[in-house]
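A.B. asks: To start, I am sharing the structure in question, which I have written as structure tokens.
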Amino acid sequence: MTELKSLLHTGFACVLLLSAIGVFAQSPSSAQTASNLEGVLNQMDAAAATFKNAEADFTWDLYHKVVDETDTQKGTIYFRRSSGGTQMAADITSPDQQTILFTGGKIQIYQPKIGTVNEYDASKNKSEVESFLVLGFGGRGHDLGREFQVTFAGNEDVDGVKTAKLELVPKSPKVLNMFSKIVIWVDAPRGISLKQQAFEPSGDYRLSHYTNVKVNTKISDDVFKLHTSGHVKTIKGY
Numbered sequence: 019m020t021e022l023k024s025l026l027h028t029g030f031a032c033v034l035l036l037s038a039i040g041v042f043a044q045s046p047s048s049a050q051t052a053s054n055l056e057g058v059l060n061q062m063d064a065a066a067a068t069f070k071n072a073e074a075d076f077t078w079d080l081y082h083k084v085v086d087e088t089d090t091q092k093g094t095i096y097f098r099r100s101s102g103g104t105q106m107a108a109d110i111t112s113p114d115q116q117t118i119l120f121t122g123g124k125i126q127i128y129q130p131k132i133g134t135v136n137e138y139d140a141s142k143n144k145s146e147v148e149s150f151l152v153l154g155f156g157g158r159g160h161d162l163g164r165e166f167q168v169t170f171a172g173n174e175d176v177d178g179v180k181t182a183k184l185e186l187v188p189k190s191p192k193v194l195n196m197f198s199k200i201v202i203w204v205d206a207p208r209g210i211s212l213k214q215q216a217f218e219p220s221g222d223y224r225l226s227h228y229t230n231v232k233v234n235t236k237i238s239d240d241v242f243k244l245h246t247s248g249h250v251k252t253i254k255g256y
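Each residue of the sequence shown is one higher than the one before, counting from 19 in this note's numbering.
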């Protein structure tokens, strides 16, 4: 599971972490906001049924408890559902440029500033990695119960939108050792997670905030390919 944590802490969560995002069949004006867990999960299921791809701008804040400091990354993230599974690409633009790809069971992290590509074979844990990826985009609400204990924690406003707050506690002991709890804020009528927060047992956490979300639009195949320049060193991890 080390490649999963590397993926999350190097730029995703994608991930971080990352509730299901997708297109809901009804418009926000005609749909009723869910006020309980079952209602939220049903609307997420409906959104997932029509999900193909998504892109969004993000701000990732990684808080380090020991030094009481927060590192912030900004950029754009892309998701696509294909016959081979879920694909993810993240372009970090600030403070340092990075590209993160998850395709075909492989994670690649390109850092042009130092000319390296860190590559991880995630095929043995592909289902676990994808379960975290679809936390952000395209997963079914009721599938959350496979990996997490899910609790409805009320409604909160995010960017002026009423959201359902869900608390997720991992069932897997391995994942629980990495993340004690994940909180997601879901715009239930649209099935969109606007914020996600992943807590570690150490007290560190990653807060992900997504804006300018676009779903089921045209995304170039090129987005999901790694483009490097100059001499690049590939470092493989396991």
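The beta carbon of each residue, even a glycine, is placed where N, CA and C say it ideally should be.
1) Indicate whether the contact test is met: 3 or more Cβ pairs, each with one atom in the region 125-141 and one in the region 100-117, closer than 8 angstroms.
2) At which residues does the alpha helix (DSSP H) containing D63 begin and terminate?
3) Under three-state DSSP, which class holds P188?
4) How long is the line joining the alpha carbons of K213 and T134, rounded to whole angstroms?
5) Using only the alpha-carbon positions, how far apart do G172 and K180 sit?
6) Is DSSP giving F170 helix, strand or coil here?
7) Please check the pair F170 and V241, which I expect to be a contact at CB under 8 angstroms, by giving their CB distance rounded to whole angstroms.
8) Please work out which residues of its chain come closer than 7 angstroms, Cβ to Cβ, to Y81, disregarding the five sequence neighbours upstream and downstream, and give them in chain order.
9) Could you check which residue in V84, W78, W203 and D205 has the C-alpha nearest to that of T111?
10) For Q167, which residues in the same chain have their Cβ closer than 6 angstroms to its Cβ, ignoring the five residues on either side in sequence?
11) Starting from E165, trace the alpha helix (DSSP H) in both directions and tell me its first and last residue.
12) Please determine, among I200, T121, G156 and V204, the residue with the shortest C-alpha to C-alpha distance to L54.
13) Within a Cβ cutoff of 7 angstroms, which residues of the same chain sit near K252, ignoring the five residues on either side of it in sequence?
14) Starting from G221, follow its DSSP beta bridges and name the residues at the other end.
C.D. replies: Concretely, from the data shown:
1) yes
2) L55 to A67
3) strand
4) Each residue's alpha carbon lies about 30 angstroms from the other.
5) C-alpha of G172 to C-alpha of K180: approximately 10 angstroms in a straight line.
6) DSSP places F170 in strand when its eight states are reduced to three.
7) Not a contact, Cβ separation roughly 35 angstroms.
8) T88, D222 and Y223
9) Looking only at V84, W78, W203 and D205, the smallest Cα-Cα distance to T111 is reached by W78.
10) V187
11) L162 to E165
12) The identity of residue 54 in the sequence shown is Asn, whereas the question assumes Leu. Selected option, being the one with the closest Cα: V204.
13) A quick correction: the sequence has Thr, not Lys, at residue 252. Excluding residues within five positions, the ones whose Cβ falls inside 7 angstroms are V135 and E137.
14) BP columns for G221 are empty, so no partner.
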